[in-house]
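>
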Amino acid sequence: MIQLKKIRRARRDDLAQVVEIDARITGLRKPAYWKAIQRRYRLFLVLADATRVHGYIVGEVRDWEFGSPPCGWVFAIGVRPEARLKRAGTGLLEALCEAFRRRGVDKVRTLLARDNALVLAFFRSQGMMAAPFIALERDL
Amino acid sequence: MRLQKNTLLALCSVLEFARQPGRPFSAGEIAHKYGASVHHLAKVLGRLRRAGLVTAARGSGGGYRFSGNPKRVTLLDVICVFEDVGSGNEKRAKRGLERAVDQVLAEIDETAKATFGSITLETLLKLARRQPSL
């Protein structure tokens, strides 16, 4: 039977699968983190059918960070390896961007490690280019 | 950031081939379009062929074609056939403030590598389609 997938807000009962997807990608299980994300962010979306979560995306609108006008930030995206190359990530990003537009912003940004070739290539394929910011850090 | 002439020619050639995957291209056609000599371009295409990025067939209906997956092959894959992005840091002993300067240059190299490595041929072709044609 064909299971219809749809994008909707993440629910508490999705969290175990989100933790599992994230752990498969990053190698780290972070149940407390995802519980906090689900409580804190309205723009935590999942691509799911009746029983299975295939991917997730999380974002928010941030205002005037370092002088930047309000814009949408994507700070997590994950898709099960077997669901990739089927427009799952594209659908999730499009849904999040639509939610950003409804909140009145016309720019979306993200930040990720430069050795994360897979996700970098995904965002590039969605038309994202280098932003006019430089990420900096130092040891404490 | 500048690429060597050979590298730029190689990138443009591979992108031209990937844009029309079913069509064979002659070296003359690409050379004419990018203002290079046929002899020079043939050398560039020879290196791409040896790297497995293009195929070449002789005779009628022959020519050069892209032989990779444009969704997988990145700009870095093509560039690396011709030059080493980030090769500026020589291994010789550094004098005075050279080490500090090298650290900044390495930072630029890493960013360039990540940029080239994250853009597939298909993504670049998509970008080209969005730009207004001159």
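Going down the list, the sequences are from chains A and B. Take any residue in the first sequence, count from 1 to its spot, add 24: that is its number in the numbering used here. Take any residue in the second sequence, count from 1 to its spot, add 4: that is its number in the numbering used here. Note that CB positions come from ideal geometry on N, CA and C, so glycine has one too.
Just mark residue 68 (chain B) as buried or exposed, buried being the case when its beta carbon has 16 or more other beta carbons within 10 Å.
By the neighbour-count rule (16 or more Cβ atoms within 10 Å), residue 68 (chain B) is buried.
> I need the straight-line Cα distance from residue 104 (chain B) to residue 48 (chain A), nearest angstrom please.
One C-alpha to the other measures close to 39 Å.
> Can you tell me whether residue 24 (chain A) is helix, strand or coil according to DSSP?
Examination of residue 24 (chain A) is not possible in this model, given that chain A is present from 25 through 164 alone.
> When you compare each of A:163, A:134, A:143, A:141 to residue 154 (chain A) by their alpha carbons, which one comes out closest?
Considering only alpha carbons, the answer is A:134.
> Answer with buried or exposed for residue 93 (chain A), where buried requires no fewer than 16 other C-beta atoms within 10 angstroms of its C-beta.
It counts as exposed.
> Kindly indicate which residue of B:22, B:64, B:97, B:18 has the alpha-carbon position closest to the one of residue 50 (chain B).
It is B:18 whose Cα lies nearest to the Cα of residue 50 (chain B).
> Using a Cβ cut-off of 8 Å, pull out every chain A residue sitting near residue 115 (chain B), in sequence order please.
By Cβ distance, chain A contributes 138.
> What is the rounded straight-line gap between the Cα of residue 148 (chain A) and the Cα of residue 132 (chain B)?
If you take the alpha carbons of residue 148 (chain A) and residue 132 (chain B), they lie about 13 Å apart.
> Please compile the residues from chain A whose C-beta is within a distance smaller than 7 Å of the C-beta of residue 121 (chain B).
Going along chain A in sequence order, the residues near residue 121 (chain B) (Cβ under 7 Å) are 141.
> By DSSP, does residue 61 (chain B) sit in helix, in strand, or in coil?
Strand.
> Beta strand (DSSP E) containing residue 86 (chain A): first to last residue?
It spans 77-86 - the beta strand (DSSP E) in which residue 86 (chain A) sits, taken as one unbroken run.
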